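Worksheet for the structure shown next.
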Amino acid sequence: MSVSTLESLPNEILINIFENYINGVDIIIAFVDQQNQRFNGLIMQCRQHNFNFVTCRKDCFHYCINFLPNYIGKIKELVLSDHNTPGQISTFLLRFPLLHNFRNIHKLSINFNAETVSWIRIRNALRSLSTTNIHTLIINVIHMERPSRLNYINYDMFDLQSIKRIDLLSDISYDDWGLLPTLFSKIEHLTSIRMSCDFKYLCSILQNAFHLKYLNVRLDSSSLTRFFQPYQHTNDSIISIPVLHTLLLSFQSTDPTTFEMLAYYLRRMPALRRLDIKAHGALLDANTWEALLQTSLPQLIHFRLKTTTSCINNKDLEDILTSFETPFWISRDNFYLIVTKHKYLDTKRLHSYKLQIDNEDEFNQPVIQWWMVPFRNLLDDIPTNDIISFGIYGVVRSLSQYYYFNNIEHLVIYDMNEDFSNWILKYINYSQIKYLDISYIDKESDIIALLLLQLKNIISLRINYQHLLTYRNVYLEKNYYMKYLDI
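In this text, residue positions in the sequence shown follow the numbering used here: the first is 34, and each later residue adds one.
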């Protein structure tokens, strides 16, 4: 929308646009003292602003924070990130070490590298939120060498009286969850990966989380600590988990949880509508799942049972797939078993924070083969929406023509021919691809050039030097999004 079009709109509509639809960064850069006094006056009348500094250029960032004191009491959402913008958070916290003046803040997201940002500054900033009505905290951290420091940050977040949603992602396992169950009573939405506890202990947390509606956890029971023992859980202590409507669990392949242990707690979730489980072999029996779902979980409308070939013997794969092709499973439109085969990749080379944060999870490695049952419709994207990393490997006939991959962000190509290229352009939403690795391809080909012309939103490209020289005029000179080149 052009500035002239905006000028034709009435004041109340403009205020609504500034408050809810335009990033505060863009407001300062494009409108404050840049247009006319009408815009300046309307911006000052706004009651709230949302500031997202992700990928903000350094000069724009410094320009904006000089104006920020004028809006500090109106900021509803604040997003800060060091990913692709190193130094942003340290600079921000040097200027605003305490956040209590952000009195109307509802959501805070911080994505930081512990090697470059002082964890003490992060703690002080979080503690200062105690006088606000903060609702949502999203903390992403990498390279935190001492888990105890992350535990302190955990305490500070859960101790905030108004907090309702916490998303905590880290590239280490933090082990002090044994001290937290009593702090869960007010939490409604929790996402956490690499939690160092087993499933029974997780349920002791659920016992205290009376208001929990959404839970997404990847359990890591390999490093249970001394803090685990004081909170041993007994089945008799949970009668119901009344309001939980979404449960996403990821188990390690060596996890000791049995189906009966899991089923006991699922029967106590009457409001559950969505269930996603990344499972090991003990949780893949179609008959026991069918019996449970026919007698329990009356509200369940979305069920994904996911596993990888590393959890299944090759000789058992066909039998398991066949067992989920019964009339019961076929009649449930959104119920799927998904089996994937992965090829390990050094995901840090892709410069993707999403993969760096949890690159040990096999499900985040490139998918090179998959099986989905029961089979339903041509070009079905329902069971593939969670796949973000994909690998083209082997022969083209191994690639299904019945599923559409809508959310692929990371593509690794091990082999390339015309059939592969056509398949990618037809069955993958290639406009979503941001991280491309073609370093495994030895031979030069016009097909690669044609593919590169189609992938216009690449942020990170991994390519061998000879191919770089060959295709630089085809791709690099016309790409405005490229930030990383790995040769």
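Backbone N, C-alpha and C define an ideal beta-carbon position, used for all residues, glycine too.
Model, not experiment: these values are computed from the prediction.
Inter-residue CB distance, residue i and residue j (contact presumed, cutoff 8 angstroms)
| i | j | result |
| --- | --- | --- |
| residue 147 | residue 177 | 4 angstroms |
| residue 497 | residue 472 | 5 angstroms |
| residue 455 | residue 440 | Not really, about 21 angstroms apart at Cβ, beyond 8 angstroms. |
| residue 183 | residue 223 | With a Cβ gap of about 16 angstroms, residue 183 and residue 223 do not count as contacting. |
| residue 134 | residue 153 | Not a contact, Cβ separation roughly 20 angstroms. |
| residue 245 | residue 221 | 6 angstroms |
| residue 5 | residue 167 | Any answer about residue 5 is impossible in this case: the structure gives the chain only from 34 up to 520. |
| residue 286 | residue 343 | 6 angstroms |
| residue 466 | residue 488 | 6 angstroms |
| residue 480 | residue 515 | Incorrect: roughly 21 angstroms between the Cβ atoms, too far for contact. |
Rounded straight-line distance, which links the Cα of residue j to that of residue i
| i | j | result |
| --- | --- | --- |
| residue 62 | residue 97 | 7 angstroms |
| residue 52 | residue 172 | 24 angstroms |
| residue 283 | residue 311 | 4 angstroms |
| residue 272 | residue 235 | 15 angstroms |
| residue 396 | residue 422 | 9 angstroms |
| residue 169 | residue 138 | 9 angstroms |
| residue 408 | residue 363 | 8 angstroms |
| residue 365 | residue 288 | 28 angstroms |
| residue 38 | residue 79 | 20 angstroms |
| residue 116 | residue 125 | 14 angstroms |
| residue 161 | residue 112 | 17 angstroms |
| residue 49 | residue 64 | 15 angstroms |
| residue 500 | residue 405 | 36 angstroms |
| residue 331 | residue 341 | 28 angstroms |
| residue 375 | residue 367 | 24 angstroms |
| residue 260 | residue 110 | The predicted position of residue 260 is uncertain, since its pLDDT is 41 and thus under 50; no value can be drawn from it. |
| residue 505 | residue 482 | 10 angstroms |
| residue 299 | residue 239 | 12 angstroms |
| residue 361 | residue 323 | 7 angstroms |
| residue 290 | residue 304 | 23 angstroms |
| residue 55 | residue 81 | 11 angstroms |
| residue 163 | residue 189 | 9 angstroms |
| residue 313 | residue 338 | 10 angstroms |
| residue 279 | residue 41 | 44 angstroms |
| residue 66 | residue 87 | 23 angstroms |
| residue 46 | residue 107 | 18 angstroms |
| residue 59 | residue 199 | 27 angstroms |
| residue 416 | residue 232 | 25 angstroms |
Coil, strand or helix - residue i by DSSP
| i | result |
| --- | --- |
| residue 190 | helix |
| residue 519 | strand |
| residue 470 | strand |
| residue 218 | coil |
| residue 573 | Here the chain covers residues 34 to 520 and nothing more, so residue 573 does not appear. |
| residue 78 | helix |
| residue 405 | strand |
| residue 378 | coil |
| residue 58 | helix |
| residue 246 | coil |
| residue 424 | strand |
| residue 204 | coil |
| residue 352 | helix |
| residue 92 | helix |
| residue 447 | coil |
| residue 282 | strand |
| residue 358 | coil |
| residue 477 | coil |
| residue 436 | strand |
| residue 318 | coil |
| residue 136 | coil |
| residue 83 | strand |
| residue 50 | helix |
Distance CB(residue i)-CB(residue j) smaller than 9 angstroms
| i | j | result |
| --- | --- | --- |
| residue 99 | residue 57 | no |
| residue 251 | residue 274 | no |
| residue 460 | residue 433 | yes |
| residue 436 | residue 413 | yes |
| residue 155 | residue 186 | yes |
| residue 118 | residue 140 | no |
| residue 309 | residue 292 | no |
| residue 241 | residue 277 | no |
| residue 326 | residue 353 | no |
| residue 448 | residue 463 | no |
| residue 470 | residue 444 | yes |
| residue 76 | residue 114 | no |
Which residues DSSP lists as bridging residue i, in chain order
| i | result |
| --- | --- |
| residue 560 | Beyond the ends of the chain as shown, which are 34 and 520, falls residue 560; an answer cannot be given. |
| residue 164 | In DSSP, residue 164 forms no bridge with anything. |
| residue 104 | Per DSSP, none; premise fails for residue 104. |
| residue 198 | 169, 222 |
| residue 64 | BP columns for residue 64 are empty, so no partner. |
| residue 419 | None; residue 419 has no bridge partner. |
| residue 114 | 144 |
Closer than 9 angstroms to chain C by CB, residue i
| i | result |
| --- | --- |
| residue 290 | You won't find chain C in this structure, because it holds only one protein chain. |
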